[in-house]
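Novice: Pasting a structure below so you can have a look.
Written as structure tokens, this is what we have:
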């Protein structure tokens, strides 16, 4: 087989570059999908922790002893804020 012309070489290089770019794009898409899955999983875990904290906070706030203390403290804080203004 003879030597390829410059045009044929450029076309061949362009085709190989486009194949490389396609494989790179596919890898990027897969990485993006994995990144999204990881993000959603971490968000689920975060939301579960928030829900658990809210449940614990609700139990703590509804406890009669703590409820009275919280009311007193919140009123004191409100008084402090009003006196500052």
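Residue numbers (full-length UniProt numbering): 1 to 85.
Just so it is clear, CB atoms sit at the ideal spot from N, CA and C, and this is done for glycine as well.
#1: Using a Cβ-Cβ cutoff of less than 8 Å, which residues in the same chain neighbour residue 47 once the five nearest sequence positions on both sides are dropped?
#2: Measure the alpha-carbon distance for residue 28 versus residue 63 and round it to whole angstroms.
#3: In the DSSP assignment, find the unbroken alpha helix (DSSP H) run with residue 5 in it and report its ends.
#4: Taking the Cβ atom as the reference point for each residue, do residue 75 and residue 66 lie within a distance shorter than 7 Å?
#5: Please report how far the alpha carbon of residue 9 lies from the alpha carbon of residue 19, in whole angstroms.
Specialist: This is what the structure gives:
#1: none
#2: 52 Å
#3: Per DSSP, residue 5 belongs to no alpha helix (DSSP H) and is neither H nor E.
#4: no
#5: 15 Å
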